[in-house]
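Enquirer: One structure, pasted below without further comment.
Residue numbers (UniProt numbering): 1 to 707.
Structure follows, in structure tokens:
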């Protein structure tokens with residue numbers, strides 16, 4: 001508002017007045033154009049050359065290239081109301097455009113092609129009426145024929161011994177192992193193996209136990225080389241191979257049945273359990289079966305020691321240095337989950353099933369992009385009973401960076417992808433496609449989903465607790481998902497950027513200052529979160545700015561509290577499982593910190609290596625132990641022994657990408673950049689301490705009266 005009671009018309013959104021004000025200026029400039037005349041050289045005389053010439057240097061006047069004067073209208077004019085309304089609409093339009101990163105204003109022009117009429121002629125279509133009748137006896141005869149065929153197949157399956165089709169390598173191994181039985185008669189010895197083109201048919205003689213022992217000696221089926229074809233009828237098999245006998249057709253029908261597939265899967269797991277029995281015994285803290293020559297070796301060793309005592313010779317003693325190495329904690333490799341099917345993929349996350357701890361879900365991402373410059377992904381469900389091949393495999397359009405099993409429905413698995421999608425799988429089924437995903441949801445994430453977790457919390461009405469899926473994404477949103485009427489999403493929090501005091505101190509010390517104008521988005525990516533077990537509506541959120549925010553599901557616009565200490569992105573947040581007030585964080589600033597919810601300052605800071613820390617986990621068995629990983633090393637920290645140095649630090653594999661503690665033993669599962677998963681057993685660990693010992697370490701006082 002100007003002094004004369006007039007309202008200034010703001011810059012037009014469409015640019016109509018701008019064009020009107022520029023045109024007079026351009027016309028005036030066009031009329032004042034002057035032509036440059038040719039310069040004529042003047043001949044100077046001797047007197048002119050001797051004259052004094054004064055030259056004065058002055059600053060040129062300012063040259064205005066572009067100037068727009070505001071258009072002013074009186075508030076009492078007829079156009080004042082419409083201009084004021086247009087200004088208000090423009091202000092509201094600018095408010096709606098703030099923070100909108102999903103839409104862009106673009107102009108485009110389409111070209112309409114000329115249309116051309118064409119005519120064509122077709123032949124006359126002739127029709128004919130035909131009537132067909134099916135009587136009740138026709139239907140009865142057809143169903144009776146099918147019933148008799150099914151009964152014949154069931155009787156055949158219980159009486160005829162099938163022939164298993166294996167690969168050529170497995171066939172040679174089995175034939176070498178069964179060379180002693182070559183002269184015995186076979187059920188199929190009178191025919192040639194002509195049913196399959198590139199496989200060989202191995203006759204089975206005797207019971208299934210003899211077959212299992214034979215396969216154990218040959219180790220031919222350790223990588224699931226049993227080839228099972230598609231189900232065909234007897235007529236189709238005879239048409240494909242007219243020379244095949246009735247026995248061949250019956251054997252192939254049994255071979256392609258689902259019951260045989262399940263039996264072979266159970267047999268394969270039994271073979272694996274027998275092959276890996278010593279390592280499985282160490283994994284489950286069981287007594288290892290002694291080898292055949294163990295008793296002889298121990299007896300010989302005792303005889304040698306007794307002979308040395310008789311001769312007066314001293315027994316060899318181990319050096320003190322070796323004793324020190326023997327009593328220190330160490331990791332022993334038990335086995336490796338690997339197969340050729342996963343070549344070119346590397347694991348990013350590991351999740352154990354809460355109901356059946358022998359099932360492990362692993363999320364993979366391709367090491368190299370495809371032809372569309374996209375990284376594909378895969379979800380594999382491994383079993384501890386078969387480290388050679390996963391039980392379930394699900395391919396995805398993008399890399400899998402987070403996984404979570406449901407507690408209420410243990411067979412439901414949620415996966416967060418790098419392209420912002422969330423997929424739900426039912427691992428009870430072998431269907432390679434997800435049961436549901438967020439591709440059709442309007443409020444889906446637009447960036448990588450770094451964490452998903454099934455959370456049990458109270459509903460809005462405050463009734464019984466229900467399980468919800470919560471996700472945190474790099475687009476700055478923490479969302480809650482429900483599966484009722486489709487896959488619905490509710491936003492819990494939009495993580496707004498905040499100024500970190502530690503970041504300001506760091507920039508001041510280095511002589512550099514942060515410029516807030518350089519921020520492209522006012523939202524910060526959410527990398528991790530953790531819900532409180534005591535209060536299900538309270539959770540912690542870790543951001544890329546290095547801040548940890550305490551949030552509530554009841555307040556979606558503001559934080560309850562912020563914890564400032566890290567100077568880098570928060571990679572992971574873990575609540576202490578035995579006390580609701582302590583939590584552990586790791587960051588890319590090379591440090592680990594333990595916090596108390598009542599204090600904005602961390603209680604302990606752990607720094608050992610100058611590398612980014614990817615993940616951290618509390619031990620499910622030891623209250624004072626937690627582990628962390630970097631790209632090159634694994635560290636074990638026991639606070640009852642030291643708060644300055646880890647009790648163990650090593651590089652068991654090259655290129656560590658993820659890890660997790662097993663839930664049913666003191667083992668650690670490590671994933672590397674080659675796509676393999678390594679199971680390590682923690683040995684020679686210090687005695688297990690109590691929770692009270694841990695709380696004394698954290699607070700410096702005895703808190704036994706707390707429990």
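Beta carbons: idealized from backbone N, C-alpha and C, even for Gly.
Bridge partners for residue 468 per DSSP, in chain order?
Expert: 455.
Enquirer: Report buried or exposed for residue 394, applying the criterion of at least 16 other Cβ atoms within 10 angstroms of its Cβ.
Expert: Residue 394 is buried by the Cβ-count criterion.
Enquirer: Tell me the DSSP secondary structure of residue 128 in three-state form.
Expert: Three-state result, residue 128: coil.
Enquirer: Would you mind giving the Cβ-Cβ distance between residue 651 and residue 615, rounded to the nearest angstrom? I have them listed as a contact below 8 Å.
Expert: That belief does not hold up - the Cβ atoms of residue 651 and residue 615 are roughly 16 Å apart, past 8 Å.
Enquirer: Please report whether the beta-carbon of residue 487 lies at a distance below 7 Å from any beta-carbon of chain B.
Expert: No chain B appears in the structure shown, which is made up of a single protein chain.
Enquirer: Where residue 190 and residue 252 are concerned, what is the direct C-alpha to C-alpha distance, given to the nearest angstrom?
Expert: Bear in mind that the predicted position of residue 190 carries a pLDDT of just 34, short of 50, making it too unreliable to give a figure here.
Enquirer: Does residue 672 come out as helix, strand or coil in the three-state DSSP assignment?
Expert: It is a strand residue.
Enquirer: What is the DSSP secondary structure of residue 374, counted as helix, strand or coil?
Expert: If DSSP states are grouped into helix, strand and coil, residue 374 belongs with coil.
Enquirer: What residue range does the alpha helix (DSSP H) around residue 278 cover?
Expert: Counting along the chain, the alpha helix (DSSP H) containing residue 278 begins and ends at 277-283.
Enquirer: Inspect the CB distances between the segment 677-695 and the segment 556-575 and report whether three or more fall short of 8 Å.
Expert: The answer is no - the segment 556-575 does not touch the segment 677-695, with fewer than three Cβ pairs under 8 Å.
Enquirer: With distances taken Cα to Cα, identify the nearest neighbour of residue 334 among 695, 668 and 490.
Expert: Comparing Cα positions, the closest option is 668.
Enquirer: What would DSSP say about residue 386, mapped onto helix, strand or coil?
Expert: Correct three-state label for residue 386: strand.
Enquirer: Which residues does DSSP list as the beta-bridge partners of residue 526?
Expert: Looking at the DSSP assignment, residue 526 forms a beta bridge with 543.
Enquirer: With residue 471 and residue 455 assumed to form a contact (beta carbons below 8 Å), what rounded beta-carbon distance in angstroms separates them?
Expert: In fact, because the Cβ distance is near 11 Å, the residues do not count as touching under 8 Å.
Enquirer: For residue 539 and residue 106, what's the separation of their Cα atoms in angstroms?
Expert: Rounded to the nearest angstrom, the two C-alpha atoms are 40 Å apart.
Enquirer: How far does the beta strand (DSSP E) with residue 253 in it reach, from first residue to last?
Expert: It is not in any beta strand (DSSP E) - residue 253 instead sits in the alpha helix (DSSP H) that spans 246-255.
Enquirer: Which class does residue 147 belong to by DSSP, given the choice of helix, strand or coil?
Expert: Note: residue 147 maps to helix in three-state DSSP.
Enquirer: Do residue 351 and residue 403 have their beta-carbon atoms positioned less than 7 Å apart in this structure?
Expert: Contact: yes.
Enquirer: Give me, in chain order, the residues of the same chain whose beta-carbon lies closer than 8 Å to that of residue 385; leave out the 5 immediate sequence neighbours on both sides.
Expert: Contacts found: 269, 272, 273 and 358.
Enquirer: Helix or strand or just coil, what does DSSP make of residue 485?
Expert: Residue 485 falls in the coil class under three-state DSSP.
Enquirer: Based on the DSSP secondary-structure assignment, which residues constitute the bridge partners of residue 683?
Expert: 330.
Enquirer: So, using beta-carbon positions, are residue 678 and residue 653 closer together than 7 Å?
Expert: Closer than 7 Å, so yes.
Enquirer: Does the Cβ-Cβ distance between residue 419 and residue 398 come in under 7 Å?
Expert: Result yes, Cβ atoms of residue 419 and residue 398 sit closer than 7 Å.
Enquirer: Quick one: Cα of residue 664 to Cα of residue 284, how far?
Expert: Near 8 Å, if we compare the C-alpha coordinates of residue 284 and residue 664.
Enquirer: Do residue 347 and residue 657 have their C-beta atoms within less than 7 Å of each other?
Expert: A contact, by the Cβ cut-off of 7 Å.
Enquirer: Spatial neighbours of residue 332 within its chain, please: CB distance less than 6 Å, with the 5 preceding and 5 following residues excluded, ordered by chain position.
Expert: Cβ within range, chain order: 681 and 683.
Enquirer: What are the residues that DSSP puts in a beta bridge with residue 93?
Expert: None; residue 93 has no bridge partner.
Enquirer: Anyone know if the C-beta pair for residue 476 and residue 449 falls short of 7 Å?
Expert: Contact flag unset, no.
Enquirer: For residue 624 versus residue 612, is the C-beta distance shorter than 7 Å?
Expert: Against a cut-off of 7 Å, the Cβ pair of residue 612 and residue 624 comes out as no contact.
Enquirer: Tell me whether residue 287 is buried or exposed, calling it buried when 16 or more other Cβ atoms sit within 10 Å of its Cβ.
Expert: Exposed is the call here.
Enquirer: Could you check the C-alpha separation between residue 281 and residue 410 for me, to the nearest Å?
Expert: Computed Cα separation, rounded: 26 Å.
Enquirer: Note down, in chain order, each residue of its chain lying with its Cβ closer than 7 Å to the Cβ of residue 355, except the 5 sequence neighbours on either side.
Expert: Closer than 7 Å at Cβ, skipping near neighbours: 410.
Enquirer: Quick check: the Cα distance between residue 383 and residue 337, rounded to an integer number of angstroms?
Expert: Rounded to the nearest angstrom, the two C-alpha atoms are 9 Å apart.
Enquirer: Going by the C-beta, is residue 449 closer than 6 Å to any heavy atom of the ligand ATP?
Expert: Absence of the ligand ATP from the depicted structure is noted, as is the absence of any ligand whatsoever, leaving it without description.
Enquirer: In angstroms with no decimal places, state the Cα-to-Cα distance between residue 340 and residue 264.
Expert: Those two C-alpha atoms are separated by around 20 Å.
Enquirer: Looking at the strands, I want to know which residues DSSP matches up with residue 622.
Expert: Residue 622 is not bridged to any residue.
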